[in-house]
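*Asks:* In our numbering, the protein residues as written are 183 to 1129. Even glycine gets a Cβ: it sits at the ideal position worked out from N, Cα and C. Input: one structure, supplied below.
This is the structure in structure tokens:
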């Protein structure tokens, strides 16, 4: 397996090919040594044949013919071999990107777009007034939100071993010749470990596992990288616009859905909410306490040599209970006292959210490792802790740290203040006591059901669901004006109502223990009306998060009530829905209590599944335009939360480009976006990658906020009208296939592994919202993942070719108009660029093999024929509009990636089809099922996105 695909011979890619050849050789040796010559020889024959297929030297069926009837005992190691090869190829490509970046910097070339250095150059050239910058960046926030959507197919053990190999390969690049044998031997040891490690889980992930997985990225990178970026960005902006005091709060702050998102996930309970919050807080407290231990050892400055401020002296005197201990080391005593107070704070907070009655640290899993030695040290020394006052807020802790900082600077020791102390101050400022904001999310249908039950129990109304919308709003607003709860202590409710209220009460406990930033948002899925918003508000009131206030006073609620508009129809009506809610005094007062800030979430996945790629993207853009105008009219500050998945079919693509593709005024210094599945690991598992991805989010936000990036000017309205036309045509073409073609659902289920996706054990949520066979009820992740596995990639392109072709209709002036928009308009350029990335990963020759799994030949030919024709039409129209001679002309790095890895997909796809055929013919042995799941894992790894 040592030979890489024949390349172009370009010197720039030679190191990549050499790395792939080396790692492939190590893997091949491992397979031969541990699986025997028969398996190794078959792997080699299949590999060679796959390259011949790619070079069109043999028929496309050559690999399929070779694998037909292969014994399952041989098939399993073969599948694992190609799965591990693409995993190692991914690793080699990541290292190659680092090489290129280093060469770019060494050559002294201009900084690349999406870097903060490039953004600062653009801002400098624009000459923007400081007052305007301050206005636009008020309440600035860039918030990546980690979700538990089940698209990360790698086990943690595999992930960790891959990380060790990556580190060793990087060492190998820099090591002297004498070190090479040792490193090569260690790489072989790690590849052997990888080979001996099971790729797939035997049991489905529990939500507690997902919480731990999400938190691991803080210890890996985020706790270090995010505060550093925040400090750098603030310093850069202050130097450009002195006196404006920009970014009083850190711009980059993270969020999470893991443990708070219960829409369609029955496993989220009140206890899960407490666990998620406690473990996150444990990570934060643990980091601060460990840093304080190091700081205490470092700041051994003597009072005989260094004067201190009165504030530092006061901290010192309150530090050690023994006045003689470190008597002449005031900084050490002060930091000791801060550590004691923080220890008590951590213990009390974690107990308050249910992390344990006797030892808060002991209840946290080893993977968090948050409160290990520091908290155990203090909780075991009652004499030190007794009488120590906990911090009431992170700001109190910061005040003490600032006092240490000020004293050091007053004595001319700013160099010391700029080291560990500065890092700790930035970290506390960024993460507080809560680490990350935990969003709550539930479906509006569930809210309606629970509210109806509460109102009936309280005797307010016996049949709330029968009321028209206006009457619902009247009833809900009456209840929101008064503090009186609907329920008494002895109310008897259904299991659903008890569970929902229990979750909100647990959220209220978290806020009380960790502060209002711990639960910043309450999101309503499938929000379609004003009553949907008010029902959520009523439940927050009943659960103790929302306080209506005294008569005539203002209400308060730490969690913003956030509508999520998901379908194309809901997106079109989104501004009207929010506008109507803002006309309701009780809702507007809640918005006013939050500084007239209102967040709106936009759903990319369901809108795509509903109307297709182009129609969904335009529906989102149109919705943003209307929401921006509504915000201007209503005098509110709008923040958009983008529910993007990893794949283009679920809103994926380069985040920097996506931000610049937003309408004017849609960003305004603030945005949130979801980070899901395997994308989280790809972006945030390694410090360099984490820094680059996070800086690109801020770079895009600053440029979209402060510069005119839309580029349409007076041409905007005509461009919007053109897109309205294209989107309608694309949606109609998509609907003709997905919604209107008889038998389409059956074709989808038979020609893709959708039924098997649910067995992959990659997440805690079920694959469908309801136990039906409807496309509407299927979750977007298995919908997209199944088409990806079958190499159709339908959600990322279908309907676009028809729309473009029909609109142009052979008119060269119309084609020129589209080409002009492609050059000038970031939105249109990004839409076509993302489409090209998806189509480059599609392979209709492979897809035809999956289509053969459909029993009904007439249905198979009819639907696959529609897919083939639309695919060809879309490729042709993309070339015509962009002027590119191939799909990836504007993305050479992805073209190179496909060049290096895609022949290794051939055996995985062909083997998956073979095993699906066996399974559906009645061979339901565990080995066949395992083989199918292994191919799914390998393909998801090779495609570098699954759902």
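Considering only residues of the same chain and omitting the five flanking positions on each side of residue 419, which have a CB-CB separation below 6 angstroms?
*Replies:* Cβ within range, chain order: 428.
*Asks:* Report the residue from 700, 580, 708 and 606 whose alpha carbon sits nearest the alpha carbon of residue 625.
*Replies:* That would be 708, whose Cα lies nearest to the Cα of residue 625.
*Asks:* Nearest by alpha-carbon distance to residue 697: which of 1048, 264, 535 and 753 is it?
*Replies:* Checking every option, the nearest Cα to that of residue 697 belongs to 535.
*Asks:* Does any heavy atom of the ligand PLP sit closer than 7 angstroms to the C-beta of residue 441?
*Replies:* Looking at this structure, you won't find the ligand PLP or any other ligand, since it has none at all.
*Asks:* Should the segment 807-820 be called in touch with the segment 284-295, which here means at least 3 C-beta pairs below 8 angstroms?
*Replies:* The segment 807-820 vs the segment 284-295: no contact.
*Asks:* Cβ of residue 1004 within 8 angstroms of Cβ of residue 1011?
*Replies:* Yes. Within cutoff.
*Asks:* Below 8 angstroms CB to CB, which residues in the same chain sit around residue 810 once its five sequence neighbours on both sides are set aside?
*Replies:* Once the five neighbours on either side are set aside, the close Cβ partners of residue 810 are 820, 845, 846, 847 and 848.
*Asks:* Using the Cα positions of residue 695 and residue 450, report the straight-line distance between them to the nearest angstrom.
*Replies:* One C-alpha to the other measures close to 20 angstroms.
*Asks:* So the candidates are 1039, 903 and 1023; which of them puts its Cα closest to the Cα of residue 999?
*Replies:* The candidate whose alpha carbon is nearest that of residue 999 is 903.
*Asks:* With distances taken from CA atoms, which of 319, 318 and 369 is nearest residue 343?
*Replies:* If we check each option's Cα against that of residue 343, 369 comes out closest.
*Asks:* Less than 8 angstroms separating the beta-carbons of residue 1144 and residue 597?
*Replies:* The displayed coordinates of the chain run from 183 to 1129. Any statement about residue 1144 would go beyond what the structure contains.
*Asks:* Might you give, ordered along the chain, the residues of its own chain that have their beta carbon closer than 6 angstroms to the beta carbon of residue 990, omitting 5 neighbours on each side?
*Replies:* Closer than 6 angstroms at the Cβ level, and outside the excluded window around residue 990, lie 996 and 997.
*Asks:* Determine the closest residue to residue 1193 out of 317, 266 and 490, with distance taken between C-alpha atoms.
*Replies:* Residue 1193 is absent from the structure shown; the chain starts at 183 and stops at 1129.
*Asks:* Using DSSP with H/G/I as helix, E/B as strand and the rest coil, what is residue 697?
*Replies:* Coil at residue 697, not helix or strand.
*Asks:* Taking DSSP as the reference, what is the three-state secondary structure of residue 530?
*Replies:* Residue state, collapsed to three classes: helix.
*Asks:* Across the segment 254-266 and the segment 204-224, are there enough close Cβ pairs to call them in contact, namely three or more that are closer than 8 angstroms?
*Replies:* Taking 8 angstroms as the limit for Cβ pairs, the verdict is that the segment 204-224 does touch the segment 254-266.
*Asks:* Measure the beta-carbon distance from residue 1070 to residue 1022 and round it to whole angstroms, keeping in mind my assumption that it falls under 8 angstroms.
*Replies:* The Cβ separation is near 5 angstroms, so the contact holds.
*Asks:* Does the Cβ-Cβ distance between residue 617 and residue 400 come in under 8 angstroms?
*Replies:* Going by C-beta atoms, residue 617 is nearer than 8 angstroms to residue 400.
*Asks:* Taking DSSP as the reference, what is the three-state secondary structure of residue 616?
*Replies:* Correct three-state label for residue 616: coil.
*Asks:* In three-state terms, what does DSSP make of residue 824?
*Replies:* Reduced to three states, the DSSP call for residue 824 is strand.
*Asks:* Flag this pair as yes or no: are the beta carbons of residue 269 and residue 1092 separated by less than 8 angstroms?
*Replies:* Taking 8 angstroms as the Cβ cut-off, residue 269 and residue 1092 do not qualify as a contacting pair.
*Asks:* For the segment 1041-1107, list the alpha helix (DSSP H) runs that are entirely contained and at least 4 residues long, ordered along the chain.
*Replies:* Runs found: 1074-1083 and 1087-1102.
*Asks:* From what residue to what residue does the beta strand (DSSP E) around residue 296 run?
*Replies:* Where residue 296 is concerned, there is no enclosing beta strand (DSSP E), given that its DSSP letter is neither H nor E.
*Asks:* Tell me whether the segment 628-647 and the segment 669-683 touch, counting them as touching only if at least three CB pairs, one residue from each stretch, are closer than 8 angstroms.
*Replies:* With a cut-off of 8 angstroms, the segment 669-683 and the segment 628-647 count as touching, because enough Cβ pairs lie within range.
*Asks:* Alpha carbon to alpha carbon, how far is residue 445 from residue 854? Give it in angstroms, no decimals.
*Replies:* In a straight line, the C-alpha of residue 854 is about 19 angstroms away from that of residue 445.
*Asks:* Taking Cβ positions, are residue 458 and residue 442 nearer each other than 8 angstroms?
*Replies:* Taking 8 angstroms as the Cβ cut-off, residue 458 and residue 442 qualify as a contacting pair.
*Asks:* Quick one: what's got a C-beta closer than 7 angstroms to residue 785's C-beta in the same chain, skipping five residues either side?
*Replies:* The residues are 746, 747, 748 and 825.
*Asks:* Quick one: what does DSSP say residue 502 is sitting in, helix, strand or coil?
*Replies:* Coil at residue 502, not helix or strand.
*Asks:* Using 8 angstroms as the cut-off, can you tell me whether the segment 800-808 makes contact with the segment 891-907, which would need three or more C-beta pairs spanning the two stretches below that distance?
*Replies:* Verdict: yes, contact present.
*Asks:* DSSP has residue 1153 in a bridge; who is on the other side?
*Replies:* Since the first residue shown for the chain is 183 and the last is 1129, residue 1153 is missing from the structure and cannot be characterised.
*Asks:* So what's residue 492 in DSSP terms, helix, strand or just coil?
*Replies:* Residue state, collapsed to three classes: helix.
*Asks:* Count Cβ pairs between the segment 976-990 and the segment 911-928 that sit closer than 8 angstroms; are there 3 or more?
*Replies:* Yes, the segment 976-990 touches the segment 911-928.
*Asks:* Rounded to a whole number of angstroms, what is the C-alpha to C-alpha distance between residue 879 and residue 719?
*Replies:* Roughly 32 angstroms between the two C-alpha positions.
*Asks:* Is residue 367 helix, strand or coil when you go by DSSP?
*Replies:* Helix at residue 367.
*Asks:* Buried or exposed: where does residue 1119 fall if 16 or more other Cβ atoms within 10 Å of its Cβ makes it buried?
*Replies:* It is buried - the Cβ of residue 1119 has at least 16 other Cβ atoms within 10 Å.
*Asks:* Express the C-alpha separation of residue 286 and residue 209 in angstroms, rounding to a whole number.
*Replies:* If you take the alpha carbons of residue 209 and residue 286, they lie about 32 angstroms apart.
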